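Residues -18 to -1, 1 to 561 in mature numbering (1 follows the signal peptide of the UniProt record, and there is no 0) are what the sequence shown spells out, letter by letter.
Glycine included, each C-beta is placed from N, C-alpha and C at the ideal position.
Predicted model only: the values in this text are computed from it and were never measured.
Below: the structure, in C-alpha cells.
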Amino acid sequence: MRFTFLAIVVGLAVGAFAQSSTADAYVASEASIAKAGVLANIGPSGSKSQGAKAIASPSTTNPNYLFTWTRDTSLVFKALIDQFTSGEDTTLRGLIDSFTSSQAILQQVSNPSGTVSTGGLGEPKFNIDESAFTDAWGRPQRDGPALRSTAIISYANWLLDNGNTTYVTQTLWPIIKLDLDYVEANWNQTGFDLWEEVNSSSFFTTAVQHRALREGAAFATRIGQTSEVSGYTTQAANVLCFLQSYWNPSGGFITANTGGGRSGRDANTVLTSIHTFDPAAGCDAATFQPCSDKALSNLKVYVDAFRSIYTINSGVAANAAVATGRYPEDSYQGGNPWYLTTIAVAEQLYDALIVWDQLGSINVTTTSLPFFQQFSSGITTGTFASTSETYTTLTTAVKNFADGFIAVNAQFTPSNGGLAEQYSRSNGQPVSAVDLTWSYAATLTAFHARTGKTYPGWGAAGLTVPAVCSTSGSGSSGGGGGAGTVAVTFNVQATTFFGENIYITGSVDALQNWSPDNALLLSSANYPIWSITVNLPASTDVQYKFIRKAPGELIWESDPNNQITTPASGSFTQSDTFR
Ligand SMILES: *[C@@H]1O[C@H](CO)[C@@H](O)[C@H](O)[C@H]1NC(C)=O
Ligand SMILES: *[C@@H]1O[C@H](CO)[C@@H](O)[C@H](O)[C@H]1NC(C)=O
Ligand SMILES: *[C@@H]1O[C@H](CO)[C@@H](O)[C@H](O)[C@H]1NC(C)=O
Ligand SMILES: *[C@@H]1O[C@H](CO)[C@@H](O)[C@H](O)[C@H]1NC(C)=O
C-alpha cells in the first residue's frame, strides 16, 4: 500500500514539474504579448481599437465584437488601474483618464434599457462611436455598473492618497454615485448573466454588486458623502444574504444562475472568486473567497464537468489540469474551452496559496475534503500548520495543479502568442473572436497572482451574513401572515421510500405543540425537498423537528431540536436536511 502511494506521488510530481516549467516558459513569452494585446484594443492610439476607448475584440464578423461592453471594459481597466496604482506601470494614467471620461459619456446615452435615470445604466454594450446599440440583445445586464464603480473607486482612492481630492469629488464621484445608486436600487431585479444568455439572478452579478456596495460605502465615507453610506451598507447586507442562496450543499457547488435550466456548473463562479478576492478576508466562505471551503469544492465540481466532454482532455489524469469552458452545456461557436476560463482556475488557486501562506495554515473541512483528496487520498479534515508535512504536500500539489492550467493554455496558444476567445474542443485550434481583450487581461492577472503579489481588498473581512434576508430597501417586506405573525416556509431535504411522508411539529400551537399524531404534512412537489409554509408568531424562538411516517413507522429526527427565531415582520424561509 505504502509503496503504491509513494509511486503515485512520485509519478504526479514528475508530470507536475514538467507543467511548472511549461508555465514558467509561457509566462516569460506571453506576459508582454498579453499586455500588448490589451493595449492594442484600447484607446485612441490602440493599433486595433479603431479609435475606440475599448473594444472587446477587433473581430467584425462571426462573431462581431467591435463594440464596447461595460463589463469587459471595466474588468480590463480594473487590471490596468491595479498596475498603475501599484506603480508597476506608471504610463497608464492617460488611458485610465480616457476610460473614466468615456464612461461618463456612455452613462448619459439613452438606449433600449432606458435613460440614465430609468435603467439605462443596465445596458450591456455600445457602438464604438459611443452611440447606443439598438438591435435586439440580452438586456439589461446588471453587473456592468457594479464593475465600473469598482474600477473607478480603485483609481479614485489612489488619487486621494496622492492629494488630488478635487478631481475625485467633482469628476469621478458623480460617475461612481450613478452606478452605486443603480446597484442599490436594482440588485433585487433579474437580468442577463455575464454570458448574455440567461435572464434570472446570477451569482457573478450578485457578488460583484455586493463588492461594489461595500467599497462604495467605504469610499463615500472617505470623501464625506455620508448621506449615501447607510443605503449602500443596508443593501450590501441584503445582497450578502441573498448571495448565500446560490450554494448547493448537496452538490458541493455554487449554482451559477437561478434560471436557465442547466446543471449550474459555470465559470461564472470561478470568475467571481477571483474578481471578489480580498487578501485580508482569509478563507471566509461568506464571500466565497478563493481558499474558502465552498469555493474550492465548487472549483473541483466545475473543472470535473469538462473532463469527459472535450476530446482534447481525454487521457488526462482525473486530478490533473484540463481545458475548461463557460459551462458544460455551452454550444456557442461550437461550445469550446476558453482561454480566460481555463486561466481563471489557475488564478483562483494562486490566490488561495497566497492566503494560506499569510494564515500559516490550511483548514480542510468536510466541504473542501473532496478538493484536497485529489492531492492526498488519505487526507482528513483538520487544520494543518505551515510547519507540517501535510501543508507542504498540499501546497506543492495545488501549485502544480494551478501551473497545469497555465500549461494547458500554453499548449493551445499559437506560436505568435495571439489569444482568441476559444480553442477547439476537438483539436485545440483557436476559434471565435481573435485577440479578445478579456483573454489577454485574464492572462495578465493570473500571471500576477502566480508571483504572489496582491492588490488592496474591498472590505470583505469579518462580514456577518444577516440571519434573515430582506429583499430591498425602504422598509419593504414580503407577504406577512397576518397581525403578529410571519409566514415561515420550511424546506427539508429528505429521501423517502414510496409510501413514506415527512411531517413537522414543534413548540408552538401553529406547529401542533410537539404532537406526532397531529404533526403537519409537508408537500413533496419539489422532491427531494419537502416544503410547508406556516404562519408563526413574529419575533419568537421556535423549536421544531421533522418526522418520517409510513404505515407502522414513526421516526423522529435525531437530537437536538431545530431552532429558529422568527423575524419581526415579512416572511422567512428555513432550509434543513433531515437528520
Ligand atoms: C488630478 O488628476 C486628474 C486626472 O489624472 C488630472 O487631470 C489633474 O490634473 C490632477 N490634478 C492635480 C491638481 O494634480
Ligand atoms: C430578492 O431577494 C430575496 C431575498 O434575498 C430573494 O429571495 C429573491 O430571490 C431576490 N430576487 C432577485 C431577483 O434577486
Ligand atoms: C429580462 O428580465 C427583465 C426583468 O428584470 C425584463 O425587464 C426584461 O424585459 C427581460 N429581457 C428579456 C429580453 O426578456
Ligand atoms: C476550520 O473549519 C471548521 C469548519 O468550518 C471550523 O469549525 C474551524 O473553526 C476551522 N478551524 C480553523 C483553525 O480555522
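Looking only at Ala532, Val468, Arg196 and Ala443, the smallest Cα-Cα distance to Ile484 is reached by Ala532. Boundaries of the alpha helix (DSSP H) around Asp79: Arg75 to Gln89.
In this chain, the alpha helix (DSSP H) harbouring Gly198 covers Phe185 to Arg204. Residue pairing for Val413: DSSP places it in a beta bridge opposite Gln404. Per DSSP, the unbroken beta strand (DSSP E) holding Leu518 starts and ends at Ile511 to Pro519. For Val474, there is no enclosing alpha helix (DSSP H); the residue is found in the beta strand (DSSP E) stretching over Thr467 to Gln475. According to DSSP, residue pairing for Ala138 in a beta bridge does not occur. No heavy atom of ligand 2 is found nearer than 7 Å to the CB of Phe554. In the structure shown, Arg53 falls within a helical segment according to DSSP collapsed to helix, strand and coil. Secondary structure at Glu210: helix, using DSSP grouped into helix, strand and coil. Cβ-Cβ distances below 7 Å link Gly342 to Ala367 and Ser368 in the same chain, with the five nearest sequence neighbours on each side left out; the list follows chain order. Under DSSP, Phe429 shares a beta bridge with no residue. Judged by DSSP in its simplified three-state form, Thr487 adopts strand.
Where Gly364 is concerned, the enclosing beta strand (DSSP E) starts and stops at Gly364 to Ala367. For Gln355, the enclosing alpha helix (DSSP H) covers residues Leu351 to Gln355. With respect to Trp420, Asp125 sits apart: the two C-beta atoms are not nearer than 8 Å. Per the Cβ contact rule, the stretch 2 to 10 is in contact with the stretch 379 to 389 (3 or more Cβ pairs under 8 Å).
For Ser255, there is no enclosing beta strand (DSSP E); the enclosing alpha helix (DSSP H) has its first and last residue at Ala249 to His257. Phe554: member of the beta strand (DSSP E) spanning Ser553 to Thr559, first to last residue.
Residue pairing of Lys527 in beta bridges, as defined by DSSP: Thr487. Annotated three-state conformation of Ala328 is helix, per DSSP.
Using a Cβ-Cβ distance cut-off of 8 Å, the stretch 427 to 434 and the stretch 463 to 483 are not in contact, since fewer than three pairs of beta carbons, one from each stretch, lie closer than that value.
Residue burial annotation: Thr254 is buried, with at least 16 other C-beta atoms found within 10 angstroms of its C-beta.
Close CB contacts of Gln494 within its chain, under the 8 Å cut and outside five residues either way in sequence, are with Thr487, Gly488, Asn500, Ala501 and Leu502 (chain order).
Here DSSP, grouped into helix, strand and coil, assigns Gln32 to coil. By the C-beta density criterion, Gly242 is buried, having at least 16 other C-beta atoms within 10 angstroms. Phe81 and Ala424 have their C-alpha atoms roughly 19 Å apart. Remark: C-beta atoms of Ala277 and Phe270 approach each other more closely than 8 Å. Contact between the stretch 33 to 51 and the stretch 107 to 120 is present, with at least three C-beta pairs closer than 8 Å. Not one heavy atom of ligand 4 is found less than 7 Å from the C-beta of Thr132. Rounded to whole angstroms, the separation of the alpha carbons of Ala520 and Phe429 is 53 Å. A straight line joining the alpha-carbon of Thr208 with that of Thr548 spans about 32 Å. Per DSSP, the unbroken alpha helix (DSSP H) holding Gln393 starts and ends at Glu371 to Gln393. Distance from Asp275 to Thr349 at the Cβ level is roughly 4 Å; contact confirmed, criterion being Cβ atoms closer than 8 Å. Residue Val346 holds the alpha-carbon nearest to the alpha-carbon of Thr362 among Thr374, Val346 and Gln356.
Here Gly173 carries a strand assignment [DSSP, helix/strand/coil].
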